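Protein chains in written order, with my numbering: chain X, 1 to 140; chain C, 141 to 280. Just so it is clear, CB atoms sit at the ideal spot from N, CA and C, and this is done for glycine as well. Every value quoted in this text rests on a predicted model; they were computed, and no experiment measured them. Comments concern the structure below.
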DNA sequence: AAATAAATGCAACTTGATTGCAAACAATAT
DNA sequence: ATATTGTTTGCAATCAAGTTGCATTTATTT
């Protein structure tokens, strides 16, 4: 993925591309999983945590990234696919590995939808499976 | 539900029934939904929050209650059904109302299970639907 | 180049969760 | 009954993560 592609990703969502924003976006794409603010702070020690926080808030507000509640207590974030509008039909399954503590986006697996009782209406769905990831299953 | 039933619920899980533990258990059953530590603190102003915390930790460790991550950032807890062993087949769907901020246990709706990629194994599943509950849908 | 606006870093604050310790309480042994 | 021991609880302090205020830097516009 070249520089131009990252720039476009930001501009497509109406985000002015600064050096730090590009850096954070690249890092998130490189890590290729749902990361917490702390994950990013550890990865980008030169960037202040308030900047990371505000950048993530901005990204989230512009639907460049989506939030995942993986049950660790802290919300995690992952880059949305190119044309994601974050509707329910777009939402995929997430997997949290209890061993390596990484949260994976299983992009090819849609969130399942169940029939709700009368009167309940859906706005979003959080579906997280916890267990052992492929890597941790074999390295034991 | 009489006093005896609450006592049994505790003893069945190997928890010594003190007055405060009974009070917290009764409150959780009365509220009949997944509650946060803060919810309990507000409900039980006479009980210290550290006591509530330690009681909930104890209940959870003894599988008297289960944790639900409803995406509000703070873990919530609800009383397990009588014979629950907290296995996956026991786990039900939860619903978080964006309006009244209550988290419901939809006990009759099992969590759906999807096929995972090779090598991934499941330990537990967190499935939370967010939207409007029946009450909030009508009172608008 | 000056003026204005936006982005960033630093430090402080907030909130909720957690822990240390002493007092209260319960259970047991003498 | 009383002493002894262990458990439970409340209070206060701590901790960690998220968040905000403000000054500084950087970018944009005039």
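is_contact[residue i, chain C] using C-beta, thresh 8 Å
i: residue 98/X; result: yes
i: residue 27/X; result: no
i: residue 52/X; result: no
i: residue 35/X; result: no
i: residue 89/X; result: no
i: residue 84/X; result: no
i: residue 69/X; result: yes
Best match in the options for proximity to residue i [C-alpha to C-alpha]
i: residue 50/X; options: 90/X, 28/X, 94/X, 24/X; result: 24/X
i: residue 68/X; options: 89/X, 33/X, 40/X; result: 33/X
i: residue 31/X; options: 55/X, 57/X, 44/X; result: 44/X
i: residue 115/X; options: 108/X, 107/X, 20/X, 125/X; result: 125/X
i: residue 58/X; options: 39/X, 46/X, 17/X; result: 17/X
i: residue 5/X; options: 48/X, 81/X, 103/X; result: 81/X
i: residue 232/C; options: 226/C, 251/C, 223/C; result: 251/C
i: residue 274/C; options: 168/C, 162/C, 239/C, 155/C; result: 239/C
i: residue 272/C; options: 136/X, 118/X, 107/X, 131/X; result: 118/X
i: residue 120/X; options: 245/C, 261/C, 260/C; result: 245/C
i: residue 152/C; options: 202/C, 262/C, 143/C; result: 202/C
i: residue 60/X; options: 122/X, 108/X, 48/X, 36/X; result: 36/X
i: residue 29/X; options: 48/X, 74/X, 78/X, 47/X; result: 78/X
Range covered by the alpha helix (DSSP H) that runs through residue i
i: residue 134/X; result: 134-138
i: residue 167/C; result: 159-171
i: residue 149/C; result: 143-152
i: residue 180/C; result: 177-183
Status (buried if at least 16 other CB within 10 Å, exposed otherwise) for residue i
i: residue 138/X; result: exposed
i: residue 55/X; result: buried
i: residue 159/C; result: exposed
i: residue 141/C; result: exposed
Residue range of the unbroken beta strand (DSSP E) whose run includes residue i
i: residue 73/X; result: Note, residue 73/X: premise wrong, no beta strand (DSSP E); not H, not E.
i: residue 60/X; result: That residue, residue 60/X, is in no beta strand (DSSP E); its alpha helix (DSSP H) goes 49-61.
i: residue 93/X; result: 92-97
i: residue 86/X; result: Unbroken run through residue 86/X: none, as it is neither H nor E.
i: residue 256/C; result: It is not in any beta strand (DSSP E) - residue 256/C carries neither H nor E in the DSSP assignment.
i: residue 107/X; result: 103-110
i: residue 205/C; result: 205-208
Closer than 8 Å to chain X by CB, residue i
i: residue 220/C; result: no
i: residue 163/C; result: no
i: residue 264/C; result: yes
i: residue 270/C; result: yes
i: residue 197/C; result: no
i: residue 259/C; result: yes
i: residue 201/C; result: no
i: residue 159/C; result: no
i: residue 180/C; result: no
Residues near residue i by beta carbon distance below 7 Å, same chain, minus five either side
i: residue 210/C; result: 174, 216, 234, 236, 243, 268
i: residue 136/X; result: 97, 99, 100
i: residue 270/C; result: 211, 236, 238
i: residue 86/X; result: 63, 66, 80
Close Cβ partners of residue i (< 6 Å) along its chain, the five nearest in sequence each way excluded
i: residue 40/X; result: 52
i: residue 90/X; result: 84
8 Å Cβ shell around residue i - same chain, five flanking residues per side excluded
i: residue 150/C; result: 156, 157, 161, 162, 165, 204
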